[in-house]
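Notes to accompany the following structure.
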Amino acid sequence: MAVSELLTIGTVNTLVQNQVYALPARKVRVHSTAALEISMDASSWNALTAANTLSVDVASAFIRCPGGAAIVTLRA
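In my numbering, the protein residues as written are 1 to 76.
What follows is the structure in structure tokens.
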């Protein structure tokens, strides 16, 4: 699956359903309006729990939203 774009820290990002996005090359805190999945290789995905209710620390390479569009913010 092709990567759409690199997400940046400190901006509000709108994720499109099932589109793969690259995360910054460091640990980030993720907050989202919808459930997300993370991956190290963009082919095997794991659910990112609590990102849509709490902020979650993530050290992964890729992120996507499987259930619809999501608004995501990343913090250092």
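In this text, a Cβ means the ideal position worked out from N, Cα and C, and glycines have one as well.
Here the structure is a predicted model, which is why all the values come from computation and not from measurement.
Handout entry: Three-state class that DSSP yields for residue 44 in the structure shown
Key = coil
Handout entry: residue 3 - partner residues in DSSP beta bridges
Key = 20
Problem - Reduced DSSP category for residue 9 - H, G, I as helix; E, B as strand; rest coil - result: coil
Practice task
For the beta strand (DSSP E) holding residue 55, just list the boundary residues, first then last.
Solution key: Counting along the chain, residue 55 falls outside any beta strand (DSSP E), and DSSP gives it neither H nor E.
Exercise for the section: Note down the Cα distance separating residue 65 from residue 32, rounded to an integer number of angstroms. Expected result: 10 Å
Practice task
Return the first residue and the last residue of the beta strand (DSSP E) that residue 70 is part of.
Solution key: 70-75
Handout entry: residue 79 - DSSP class collapsed to helix/strand/coil
Key = For the chain, the structure presents residues 1 to 76; residue 79 sits outside this window and is missing.
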